[in-house]
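Quick notes on the structure that follows.
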């Protein structure tokens, strides 16, 4: 981010209206984090599709394409179908391997690794950087990629089961495969897989029998079971695993199989550790129909009647912000205090590096805008992507569509 162009100016990157004059169909656009490129799948006619980037198309065409995304390192990635076979195309170059289908694209944090679920010859697995698992399964879904980008995990079915064969399902035919090797134990169901921060361990929520749930780490369940659980996460820098668990009709946060918080709630999920790992926040419901955030088990004083989304910590770990919904409108609450302005839709808050400011993308009456500390910016957009603060916190990068054109703008926070 430090090497991006942070000079205060406005640049028109591409005229999207001109794209629409050239092509019968232009699908939704995607942009790079640095705002320098905009891309979309376009149909050229004769049932051919390709990808257009800053007004220039890839040389290759296909029968179908979908899930166009820029990786964190700004490579443009798209599954494409050619001659009845799917491949992943990266910056216009297809991988050598082809598949019956490919989906669930996942990127490592630095963008250097790309993974996806695949189907080939009626078997399922995972591909990482163009190389498929040697182990194949009757079913695989929900791929996750390790922090170092070198490993992958997926929920897999170990044997084929007829649709109505409930007895086989009850025996347990689902488990987790890591790098193509399945855990030794099967379960009724699996969800919420997560890698440890050093990429060496995998945790997942498991359904042991019809009424019993737990968390398994590398295939071994905790020594305590619960009436229900939600998805686990590893504490950064450790092998400690935190997950919401239901005990005696109420939810609390457990660590390594033991209650971690002293408080319990009607509901609890979406737990997140602070950047310094000393705090943990989660969405909770102290009563039915009342939602808020709890930090280290202590709820905010204010509750919201319709929804609260997952908490987001500030870089200094001292603030927690979350999207909240009340009266059929959305806003942002910071440390329990909601903004005074409300919107038809709002996206996750973005903190400045010094933790002092919050910017967010919002929509009201069909128009998009950016909001800084609860105050809408001066401009309205046909579309806008999430704002990005400069490293010094004094500027904001705006990636937006106005008057049919895609712009990259850098403005002072005082001029937003």
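Numbering (the working numbering), first residue to last: 11 to 426. C-beta: ideal position from N, C-alpha, C; glycine also.
When the beta-carbon positions are compared, residue 81 and residue 121 come within less than 9 Å of each other.
The three-state reading of DSSP puts residue 178 in helix, counting H, G and I together.
Per the coordinates, the alpha-carbon of residue 243 lies some 47 Å from the alpha-carbon of residue 55. The Cβ atoms of residue 18 and residue 420 sit closer than 9 Å to each other. In this structure, residue 189 lies near residue 161, with their beta-carbon atoms less than 9 Å apart. DSSP, read as helix, strand or coil, puts residue 26 in helix. Between residue 252 and residue 270, the gap from beta carbon to beta carbon is short of 9 Å. For residue 105, the closest C-alpha among the options 83, 87, 140, 24 is that of 140. Using a Cβ distance threshold of 9 Å, residue 221 and residue 199 do not count as a contacting pair. When the Cα atoms are used, residue 197 and residue 175 turn out to be separated by approximately 16 Å. Under a 10 Å Cβ-count criterion, residue 214 is classified as buried, with 16 or more other Cβ atoms of the shown protein chains found around its own Cβ.
Between residue 322 and residue 358, the C-beta gap is smaller than 9 Å, which places the two residues in contact. Residue pairing from DSSP leaves residue 287 without any beta-bridge partner. For residue 152, the secondary structure class from DSSP, reduced to helix, strand or coil, is strand.
Secondary structure at residue 32: helix, using DSSP grouped into helix, strand and coil. Under the three-state reduction of DSSP, residue 390 is assigned to coil, being neither helix nor strand. In this structure, the CA atom of residue 349 is about 36 Å from the CA atom of residue 156. The count of Cβ pairs closer than 8 Å, one atom from the segment 25 to 36 and one from the segment 379 to 390, stays below three, leaving the stretches out of contact.
With respect to residue 109, residue 95 sits close: the two C-beta atoms are nearer than 9 Å. Residue 191 carries a strand assignment under DSSP once its states are collapsed to helix, strand and coil. Residues 323, 344, 345, 361, 365 of the same chain have their beta carbon placed closer than 8 Å to that of residue 329, with the five preceding and five following residues left out of the count. Rounded to the nearest angstrom, the gap between the Cα atoms of residue 97 and residue 89 is 6 Å.
Closest by C-alpha distance to residue 297, out of 305, 314, 58, is 314. Residue range 86 to 92 is occupied by the beta strand (DSSP E) that includes residue 92. Secondary structure of residue 413 (DSSP, three-state): coil. Residues 49, 80, 101 of the same chain have their beta carbon placed closer than 6 Å to that of residue 86, with the five preceding and five following residues left out of the count.
For residue 371, DSSP records a beta bridge to 380. Inter-residue distance for residue 57 and residue 135 is about 30 Å (C-alpha atoms, whole angstroms).
Looking at the backbone, the Cα of residue 65 and that of residue 24 are separated by about 6 Å.
Each of 272, 268, 138 was checked against the Cα of residue 123, and the nearest Cα belongs to 138.
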